[in-house]
Amino acid sequence: MKKFQFPNPFTVLYIIIILSAIATFLMPAGSFSTLSYDAGNFLIEGKENTVSLKASQSVLDSLNLKMELSKFEEGKIRKPVSIPNTYAEMESSPQGLMAIVYAPIKGIYESIDIILFVLIIGGFIGVFTASGAFDRGLSSLSEKMKGREKWLIVAVMVLVAIGGTTFGMQEETIAFYPILVPIFLAAGYDLIVPVGALYGGSCIGLMGAMINPFETIIASDAAGVSWTLGIYSRLAMFILGGIVVITYVLRYAERVKKDPKQSLLYNMDIKQPFSALKKSEQAEKLNLKTQLLLVLFGLTFVIMVYGVSSLGWWFEEMTALFLVSALFLGLIIRLGENAFVNAFIAGAKDLLGVALIIGVARGITIVMNDGQISGTILNYASNMVSGVDGLVFLPVLMLVFFVLAFFISSSSGLALVSMPIMGALANVVGVPTEEIVNAYVFGFGLMMFITPAGIILPSLSMVNVPYNVWLKFVWRPMLMMAVIGMAILAVGYLV
Numbered sequence: 001m002k003k004f005q006f007p008n009p010f011t012v013l014y015i016i017i018i019l020s021a022i023a024t025f026l027m028p029a030g031s032f033s034t035l036s037y038d039a040g041n042f043l044i045e046g047k048e049n050t051v052s053l054k055a056s057q058s059v060l061d062s063l064n065l066k067m068e069l070s071k072f073e074e075g076k077i078r079k080p081v082s083i084p085n086t087y088a089e090m091e092s093s094p095q096g097l098m099a100i101v102y103a104p105i106k107g108i109y110e111s112i113d114i115i116l117f118v119l120i121i122g123g124f125i126g127v128f129t130a131s132g133a134f135d136r137g138l139s140s141l142s143e144k145m146k147g148r149e150k151w152l153i154v155a156v157m158v159l160v161a162i163g164g165t166t167f168g169m170q171e172e173t174i175a176f177y178p179i180l181v182p183i184f185l186a187a188g189y190d191l192i193v194p195v196g197a198l199y200g201g202s203c204i205g206l207m208g209a210m211i212n213p214f215e216t217i218i219a220s221d222a223a224g225v226s227w228t229l230g231i232y233s234r235l236a237m238f239i240l241g242g243i244v245v246i247t248y249v250l251r252y253a254e255r256v257k258k259d260p261k262q263s264l265l266y267n268m269d270i271k272q273p274f275s276a277l278k279k280s281e282q283a284e285k286l287n288l289k290t291q292l293l294l295v296l297f298g299l300t301f302v303i304m305v306y307g308v309s310s311l312g313w314w315f316e317e318m319t320a321l322f323l324v325s326a327l328f329l330g331l332i333i334r335l336g337e338n339a340f341v342n343a344f345i346a347g348a349k350d351l352l353g354v355a356l357i358i359g360v361a362r363g364i365t366i367v368m369n370d371g372q373i374s375g376t377i378l379n380y381a382s383n384m385v386s387g388v389d390g391l392v393f394l395p396v397l398m399l400v401f402f403v404l405a406f407f408i409s410s411s412s413g414l415a416l417v418s419m420p421i422m423g424a425l426a427n428v429v430g431v432p433t434e435e436i437v438n439a440y441v442f443g444f445g446l447m448m449f450i451t452p453a454g455i456i457l458p459s460l461s462m463v464n465v466p467y468n469v470w471l472k473f474v475w476r477p478m479l480m481m482a483v484i485g486m487a488i489l490a491v492g493y494l495v
């Protein structure tokens, strides 16, 4: 009897798209009225019509939106915001066969910025690999870290977690797999370890997001409280959650290094991604040209992180950076025109599957939005928690945000859709509004460990690790993180 094999990531996403389409037949369509800002006016879009009003603080107050007008005027809130107590059922809009067919195509259109970013990174890596400096640099680093690889795991996770808590670093981690995978494999670890280090580190930062503008600050603005309130609870989540996840990844890595049979991938036929380090290269001294190439390579990533965190860069600027760096690499190593193009295309081709997964994943959200069931799900969620009070409310709300994040995997999107609704419950239930923001941050960050609509499937595709193996690896630290999050919320309520 043939052994069951877990479906390919594309199959998993298509199944979820189909289930989402079926849900549009079973659930009533509905939505909340939304408010958006346009050149000094508020556009209020309801079930029947759209009303334009001169933007003022009194309009926000009358709609029970606890936001400052300046946030709209300064461009800090750009997406439509849900208006509390305005949910209305709409004419059903079931998504049929053609919607299922079009969903991944529309998803690719809407995700073209990150898809192009991934492909250009692939081309950049391809050109750098063609120089030979990649292998020599990795071998040199591996030799210097020999016997101390576990500290590299710690350093990577701490740095990525800091990136996550400050500017929402997650998609950017995709660029680092080609660097870390060969080093970790040479150290005796398996392919789960680099995902645990990079993706796990980013999730630590997202779940303990202290000043992330795309998550914490925009959620606080939408709820009408200062982002500085509740920051100590998020700091506690960042530290305690970081200790849990880093310790878990370290223990697993050392266990696999000591006994490869302990690997969750043991006896699985998995193709190794990226070039393995060769023993003959480990004694090779780095010449001046190689050192120059390595400096340019490393500087590219430093500029990327600085640009995103300090200059407001996003995918357009990051993509341009890697393209320009690839051109500089080609000039330094004196690749001919044809050789450069071939190396660039070969590198991009290696990440084509990853890029397409990102687009297909976006198709899930498109089906639910076109079927008008996202608002219905949010209404169900708010009604469910509105009857809960006191100490139980915040942990339950965290789980509600955990579920909502499966359907809306954008941190800013979920914040602007849900926080005005959930934030309005604070006075009714008698809990501090900042703790509702923390419940959102903890719940959203927890779902990011596993949601197929996020970056986990592209990350796993980078290293050829099956999704079910990742679930088997990550459920324990997730459970511990959930308990820690609920405990912190309970303390925040009592204090």
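Under full-length UniProt numbering, the first residue of the sequence shown carries the number 1, and numbering increases by one thereafter. All C-beta atoms in this analysis are idealised placements derived from N, C-alpha and C, irrespective of residue type, glycine included.
Euclidean distance between Cα positions of residue i and residue j
i    : j    : result
N212 : G336 : 43 Å
F315 : L119 : 12 Å
N267 : G443 : 35 Å
Y467 : E435 : 33 Å
R241 : T173 : Correcting the residue type first, residue 241 is Gly in the shown sequence and not Arg. Their backbone Cα atoms lie some 19 Å apart in a straight line.
N427 : S410 : 27 Å
M480 : Y248 : 10 Å
L159 : A133 : 25 Å
D61  : P84  : 12 Å
F72  : L53  : 14 Å
L404 : P395 : 14 Å
V245 : I484 : 12 Å
K271 : M398 : 38 Å
L116 : A155 : 29 Å
A161 : E171 : 13 Å
N383 : V437 : 18 Å
I17  : W151 : 41 Å
F10  : V101 : 13 Å
K289 : V302 : 20 Å
Nonlocal neighbours in the same chain, by C-beta distance under 6 Å from residue i, ignoring five residues either side
i    : result
S280 : Model confidence at S280 stands at a pLDDT of 46, short of 50, so the residue's coordinates are unreliable and nothing is read from them.
I108 : G359
A175 : I121
F25  : P94
V308 : F167
V305 : none
E149 : A187
G375 : G30, S31, F32
S412 : F214, I218
L457 : P9, I357
Buried versus exposed call for residue i [16 or more other C-beta atoms within 10 Å across all chains shown]
i    : result
M318 : buried
N379 : buried
E215 : buried
A130 : buried
I218 : buried
F459 : The sequence shown places Ser at residue 459, rather than the Phe named in the question. Flag for S459 reads buried.
N228 : Looking at the sequence itself, residue 228 is Thr, so the reference to Asn does not match. By the 10 Å Cβ count, T228 comes out exposed.
R362 : buried
F328 : exposed
W475 : exposed
I15  : exposed
T300 : buried
V295 : exposed
M169 : buried
Cβ-Cβ separation, residue j to residue i (assumed contact under 8 Å), whole Å
i    : j    : result
A222 : V81  : 6 Å
I125 : G347 : 5 Å
L21  : V367 : Position check: residue 21 holds Ala in this sequence, whereas Leu was assumed. At roughly 5 Å, the Cβ-Cβ gap stays under 8 Å, so A21 and V367 are in contact.
F488 : A236 : Note on identity: in this sequence residue 488 is Ile, with Phe being the wrong assignment. Correct: roughly 5 Å between the Cβ atoms.
I332 : L293 : 6 Å
L35  : L65  : 7 Å
F401 : A439 : 6 Å
S233 : G492 : 5 Å
L425 : V385 : 7 Å
A326 : V127 : 5 Å
I153 : V193 : 7 Å
Same chain, Cβ closer than 8 Å to residue i, five either side skipped, listed in chain order
i    : result
G46  : S33, T86, A88
L50  : Contrary to the premise, residue 50 reads as Thr rather than Leu in this sequence. Excluding positions up to five away in sequence, the list reads L43, I44.
F274 : Y177, P178, V181, P182
K79  : S36, S412, G413, L416
N41  : S52, L53, K54, A55
Sequence-distant residues of the same chain with beta carbon closer than 7 Å to residue i, five excluded per side
i    : result
S263 : D190, V256
M90  : A29, G30, S31, K47, Q372
G200 : M157, V245, V249
- Message: Using 8 Å as the cut-off, can you tell me whether the segment 447-455 makes contact with the segment 253-268, which would need three or more C-beta pairs spanning the two stretches below that distance?
- Response: In short, these stretches do not touch, since the Cβ pair count stays below three.
- Task: Indicate whether the contact test is met: 3 or more Cβ pairs, each with one atom in the segment 125-141 and one in the segment 421-437, closer than 8 Å.
- Result: By the Cβ test, the segment 125-141 is not in contact with the segment 421-437, since fewer than three Cβ pairs between them sit closer than 8 Å.
- Query: Are at least three pairs of beta-carbons, each pair with one atom in the segment 359-375 and one in the segment 91-100, less than 8 Å apart?
  - Reply: With a cut-off of 8 Å, the segment 91-100 and the segment 359-375 count as touching, because enough Cβ pairs lie within range.
- Query: Counting Cβ pairs closer than 8 Å, one from the segment 200-210 and one from the segment 326-345, do we hit at least three?
  - Reply: Fewer than three Cβ pairs drawn from the segment 200-210 and the segment 326-345 lie within less than 8 Å of each other, which leaves the two stretches out of contact.
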